[in-house]
Each structure stands twice: as C-alpha cells, then as structure tokens.
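Asks:
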Amino acid sequence: MSRILFILGGLALKKTLLLLAGDPGTGKSYFDQMIRKQISGFHELSIDVEKEYLYDKYGFDDLDDREKLDYEALQLYLEKVKIEMTRGHSIISDYPFSNKQWGTLKRLSETYDFQVITVVLTADFEVLYDRQVKRDLDESRHLGHLMTHYHKGDVLKDRRLIEINPTKTELAAFLKSKKYGEFNLGTTFKLDVSDFEKVDYQTIIDSIEDLVSEKVFLSDYIDHTLLAPTATKAEIKQVVAAAQKYKFHAVMVNPCWVKYVHSLLTGSSIKTATVIGFPLGANTMTVKELEAENAIQNGADELDMVMNIGRFKSGDQAYVGDEIERLKLIAHSQHRILKVIIETALLTDEEKQAAAQLVSAKGADFIKTSTGFSTGGATVKDVALLKKYVTSKTLVKASGGIHNRQEAMAMIDSGADRLGTSQSVAIVTES
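Written as structure tokens, this is what we have:
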C-alpha cells in the first residue's frame, strides 16, 4: 500500500548541515537571516556565540589564553552539532570555516546521515579590509575578538584603540594562510559579495531550498500508541508490525513493554517511545528520574513525561521547572527526546500559556497536549495556543481524541509537529 503524501506548504527539511563559509566581512550572518526567513526549520549554531560565552565566563590575559578558549569553544560547538544531529534537526552555521573544522564536520555528517551544503562567500580584498575596519568599530562587536586581554565588564570607549588591528598587509597574509575561501564540504556554492547591492541571493536560496526539501508523509507525524493497561504482548507485537508496515515515526507503549518493543524494532528507523509519571504526573521527581533512566536502559528513544499538574496549578512553577530540567538532563545526556505532557483539559488558557513558556524555557524538545486518560484530549484551539507561546526550538505534540484523517490534518494545520493516536492505521488508510 502506498503511503499517504501529506504536503504542508509543500515540503519539510531533509537532515541538512548548511555551512555559510568564507572570509570575515562577507556578510555571512546577514545571509543566514535571509535563508532562515525563507526556509524554516533550521537550528542555528554558532562558534562565535560559544567564544563570546567563554570570553565572558572566564576572560583571558593574553592571546595564548584566548586561543585555549577558542579551542574549547570549537569543542562546545561540535558537541552541540552532534546533539542536534542525533535529534535529526537540520543545522545552519555561519563562520570562516577552515580545515580545522572540516574533518569533524565531515565525520559527524556521515555518521548521522546528514547532507552538507556549503556556501562560500567571497569578495575583493580591498572590500574585505574596509568592511572589517567598519565592523570592528561597531560597538556591538564583542571586545573579546578585538583585544589581547579581556574580562567581562571591560569597556573601550574609543574603538579606534582596539589592540587587534591588522594592517592591510597583515590581513592579506592572514587570509592567505587560512584559505577560508577554499573551504569545500558537500554540495558547494560560490557567491561573490563584493557589491552587496548586486548579489543574487535569491537564486542561491532557491537552490538551497530545492536541496533541503523533501516530501512529508502523514505517517511521519504519528507516534502509534497503545497505552491501555490491558494491552497484551500479542497486541503490542501487532502495534509494532503496523508501525513497520505504515512507517510511523514511533511506537508508544507503557514502560513495561519498552525492552520488548525495542527488540522488535532493532535495525529499524522507527523509534521506541514511552511515558513517564503516567497518567497523573503526581510521582516524585526521584521516581520520575528513575523511570526515565530505566526506560533509556531498556531502549527508549523518546520519553513523554506528565508534568506535576497539581504543583503547577498551585503556582509552583519552580518545582515543575526543576522537574522538567532534571528529566531533560537525563534524556539529553543520552541523546534522547523529552516531551512534556501538560494535560490541557485540566488547565485554563492562561495556565496553558504559562506551561508552554515554562516547557520552552527549560529546554524540553516537545510540549504535548494530553495523556488521553483525562477529561479531554487535543483540540485545534489548544494546539494553536501552544504553538504561539513555545519558542521555535520546542515542538508541539497533539495527543488524545484524534480519530480520523480530517482531525489529524486539522491538528497539523494548527501547528502540531507530532500526533499521538491509537487510530493510526485507520487515519493513514482512510479512503
């Protein structure tokens, strides 16, 4: 049976590492913004952000100290690339990439089956030099890039006094030695940006969009779910077989079945998912942590945790936030996905908004509407509300009461990135 093609705005992202490379002063950050405005779904990672974080945290007294921080920043960046790749998130980064990063980025992309696209921005040297001078005089430029010593709180009122200020000859020699313009990994485009007003950005962006886009199947959205307390081993096996036949994203079962499901799915791309603190969310943090650790040991790829609803409705966001953060650390340390179930049927709209903001702030991967065991399930209104208040890094899972294709498509239309349902087969086979 053919899979049901489900196109929203046409397409979704293939797993992609998009690198904007080239000499300093070529407008990579500006191009980054243009790309993300047209193509949504990229997670932005930056070596410079890691550098500036370390400069502020530790400071440095000389260039040797700074070089050590720069090395540590690169390792932090590469670790974040690895984490996002394990989650299947497409990544965009702009930096003067060189051979220093080439080998590790190539290995990671091959390990996690990511396509790599590189856009190398180039410009005439005289233009580059003038742009670098102007950039370094800009007060928004972090002082850590411009000084031979720096500690957080340092101020330089006159930017003309910066200590790292190469002459034209020195800059030319530096750029020649680094060979930033020769960086080449994956599918590579060259773009001359000597005159910003004449650059044809749109053609390159359209080409990138063609390369990163893929068809989306409705089954890709679905966690095929069997959480009934009466579920037998034979029924669990049937659920796994259906997931393999229709290529659902994951099989969602109670914790006691995780090891069995994982064994049946070995060698498959289908994920093993389970619930934590289910269905009331009233377990202690320690118990939820033990549940999560045990589930991961048994092979769970994704954890759907019910937040402590009573504590949340009591106004104790600190407790619930700590709970989410602790479970996130367990999940992410093993490169697993954490979803937080807030049980929308038991919350006011104001509480749903607050929960969405809290879940995002604490770094969970998904916010999920419902357990399916309370007074109501997912609604289009609730999905849209949650989508509005989470950040772009937090996805939304609609679960509970999704019975047919029309309801499934309505949930996705309103912002759902994942669906949890026991009616998966009926939804994808409905004529």
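Using the numbering used here, the first residue of the sequence shown is number 6, and each one after it goes up by one. Note that the Cβ used here is the ideal one computed from N, Cα and C, for glycine as well.
Using the C-alpha atoms, what's the distance from L142 back to L308?
Replies: So the alpha carbons of these two residues sit roughly 48 Å apart.
Asks: For the 8 Å Cβ check, are there 3 or more pairs between the region 253 to 264 and the region 296 to 305?
Replies: yes
Asks: Alpha carbon to alpha carbon, how far is E214 from H48? Give it in angstroms, no decimals.
Replies: Whole-angstrom Cα-Cα distance: 15 Å.
Asks: Measuring alpha carbon to alpha carbon, tell me which residue in D129, L351, V292 and L113 is nearest G191.
Replies: L113
Asks: With DSSP as the reference, please indicate the residues paired to D53 in a beta bridge.
Replies: Answer is none; D53 lacks a bridge partner.
Asks: Rounded to whole angstroms, what's the CA-CA distance from F188 to K56? Just pull it up for me.
Replies: 21 Å
Asks: What distance in whole Å lies between the Cβ atoms of T235 and S427, which are believed to be in contact at a cut-off of 8 Å?
Replies: Contact between S427 and T235 does not hold, since the beta-carbon distance rounds to 13 Å and is not under 8 Å.
Asks: Would you mind sorting E202 into buried or exposed? The rule is 16 or more other CB atoms within 10 Å of its CB.
Replies: The residue in question, E202, is exposed, as its Cβ has fewer than 16 Cβ neighbours within 10 Å.
Asks: For A178 and M90, I'd like the C-alpha separation in whole angstroms.
Replies: Taking the straight line joining both Cα atoms gives about 36 Å.
Asks: What residues in its chain sit with their C-beta under 6 Å from that of T434, if we drop five residues either side in the sequence?
Replies: none
Asks: What does DSSP give as the partner residues of D141 in its beta bridges?
Replies: The partner list for D141 (beta bridge, DSSP) is empty, contrary to what the question assumes.
Asks: Give the single residue among Y117, G186, Y35 and I432 whose Cα lies nearest to the Cα of N104.
Replies: Comparing Cα positions, the closest option is G186.
Asks: Quick check: I209 and V124, are their CB atoms within less than 8 Å of each other?
Replies: For I209 and V124, yes; Cβs fall inside 8 Å.
Asks: Please state whether DSSP places I167 in a helix, a strand or coil.
Replies: In the three-state reduction of the DSSP assignment, I167 falls in the coil class.
Asks: DSSP state of D354, grouped into three classes?
Replies: helix
Asks: What would DSSP say about K318, mapped onto helix, strand or coil?
Replies: Under the three-state reduction of DSSP output, K318 falls in the helix class.
Asks: What does the alpha-carbon distance come out to for the pair D327 and L363?
Replies: 10 Å
Asks: Would the region 231 to 250 and the region 65 to 80 be scored as touching if the rule is three or more Cβ pairs under 8 Å?
Replies: Contact between the region 231 to 250 and the region 65 to 80 is absent, because fewer than three Cβ pairs lie under 8 Å.
Asks: Determine the contact status of L133 and V86, defining contact as a CB-CB distance below 8 Å.
Replies: no
Asks: Under three-state DSSP, which class holds M90?
Replies: helix
Asks: Just to check my reading of the structure: E294 and R341 have Cβ atoms closer than 8 Å, yes? What is that Cβ distance to the nearest angstrom?
Replies: Not confirmed; about 13 Å, so no contact.
Asks: Comparing alpha-carbon positions, which option in G32, I96, L424 and Y58 lies nearest L24?
Replies: Looking at G32, I96, L424 and Y58, the one whose alpha-carbon comes closest to that of L24 is I96.
Asks: Can you tell me the Cα-Cα spacing of Y58 and M312, whole angstroms?
Replies: 31 Å
Asks: Look at the alpha carbon of K157 and the alpha carbon of I167, and state the distance between them as a whole number of angstroms.
Replies: 16 Å
Asks: Count the other C-beta atoms from every protein chain shown that fall within 10 angstroms of the C-beta of D205, then say buried if there are 16 or more, exposed otherwise.
Replies: exposed
Asks: For the beta strand (DSSP E) containing I346, name the first residue and the last one.
Replies: I342 to I346
Asks: Got a sec? Which residues, its chain only, sit under 6 Å from S419 by beta carbon, not counting five neighbours each side?
Replies: V385, V388 and A389
Asks: Using CA coordinates, which residue listed in D135, I169, R136 and S397 is at the minimum distance from L148?
Replies: I169
Asks: Look up K373 in the DSSP assignment and say whether it is helix, strand or coil.
Replies: Looking at K373 - three-state DSSP - the assignment turns out to be strand.
Asks: Suppose only complete runs of 4+ residues qualify. What are the alpha helix (DSSP H) ranges in the region 268 to 313, listed by chain order?
Replies: Counting only runs of 4 or more, we get 290 to 302.
Asks: Give the secondary structure of H120 by DSSP, where H, G and I count as helix, E and B as strand, and everything else as coil.
Replies: In the sequence as displayed, the identity of residue 120 is Gln instead of His. Taken through DSSP and simplified to helix, strand or coil, Q120 comes out as strand.
Asks: Looking at the structure shown, is M416 part of a helix, part of a strand, or coil, going by DSSP?
Replies: helix
Asks: Report yes if the CB atom of K398 is closer than 8 Å to the CB atom of D422, and no otherwise.
Replies: With contacts defined by Cβ atoms closer than 8 Å, K398 and D422 do not form a contacting pair.
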